[in-house]
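Enquirer: One structure, pasted below without further comment.
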Amino acid sequence: MSQVQEDMADRASRWRRGGIWALRLVVAGVLLAAAAPKLADPAGFAAKLPNYRLFPDLLVNIVATTAPMLELLAALALLSGRLYRGGVWLAVLLMATFTLLIGSALARGIDLDCGCFGNAVQAEPVGALDLVRNVVLLGLTLVLALDLGREPAR
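Counted the way my numbering counts, the sequence shown spans residues 368 to 521.
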């Protein structure tokens, strides 16, 4: 490989690593923004969950406390070195689950506030833009997952 080719490959690798770090920061930021208000007011978040008509009453409080803790864990793991791989897969799982929940509510015509960011944002009914937002976030996490086989983005 010539020096020019090596320089180009090195430059491309730096761009990729920078892009992956940017994605990590975006996804971690969204997860932190979603987790913080729900951790601060779990009862408020728990009050929104029955509107999905999917969770038995027995599980509402468990989901209301566990989901934001998992969001926080995924966010912190995405920003770490050692826990990064697990954080990526947890973020993929969370985003896939949240996307399916919102899609299910829309498909069933349920008018609800998703509780995605707790009570930190104005409560508005879930709509197509919420689903698009989650599909995009799921796509970002999948990009991170596809990149796991490459050299670490330190």
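Beta carbons: idealized from backbone N, C-alpha and C, even for Gly.
Tell me which same chain residues have a C-beta within less than 7 Å of the C-beta of ARG420, skipping the five on either side of it?
Expert: Cβ-Cβ distances below 7 Å link ARG420 to ILE477 in the same chain, with the five nearest sequence neighbours on each side left out; the list follows chain order.
Enquirer: Of all the options ALA414, ILE469 and ALA402, which has the alpha carbon lying nearest to the alpha carbon of ARG500?
Expert: ILE469
Enquirer: Note down the Cα distance separating ASN418 from ARG381, rounded to an integer number of angstroms.
Expert: One C-alpha to the other measures close to 46 Å.
Enquirer: Under 6 Å Cβ to Cβ from LYS405, same chain only, skipping five residues before and after it: list those, please.
Expert: PHE412, PRO435 and GLY485
Enquirer: Can you list, in chain order, the residues of its chain with a C-beta nearer than 6 Å to that of PHE465? Leave out the 5 residues immediately preceding and following it.
Expert: Counting only Cβ-Cβ distances below 6 Å, and skipping sequence neighbours, we find ASN501.
Enquirer: Ignore the nearest five residues each way along the sequence and tell me which others in LEU390's own chain have a CB closer than 8 Å to its CB.
Expert: LEU507, VAL510 and LEU511
Enquirer: State buried or exposed for GLY482, treating a residue as buried only when at least 16 other CB atoms are found within 10 Å of its CB.
Expert: Under the 10 Å beta carbon count, GLY482 is surrounded by 16 or more other beta carbons and is classified as buried.
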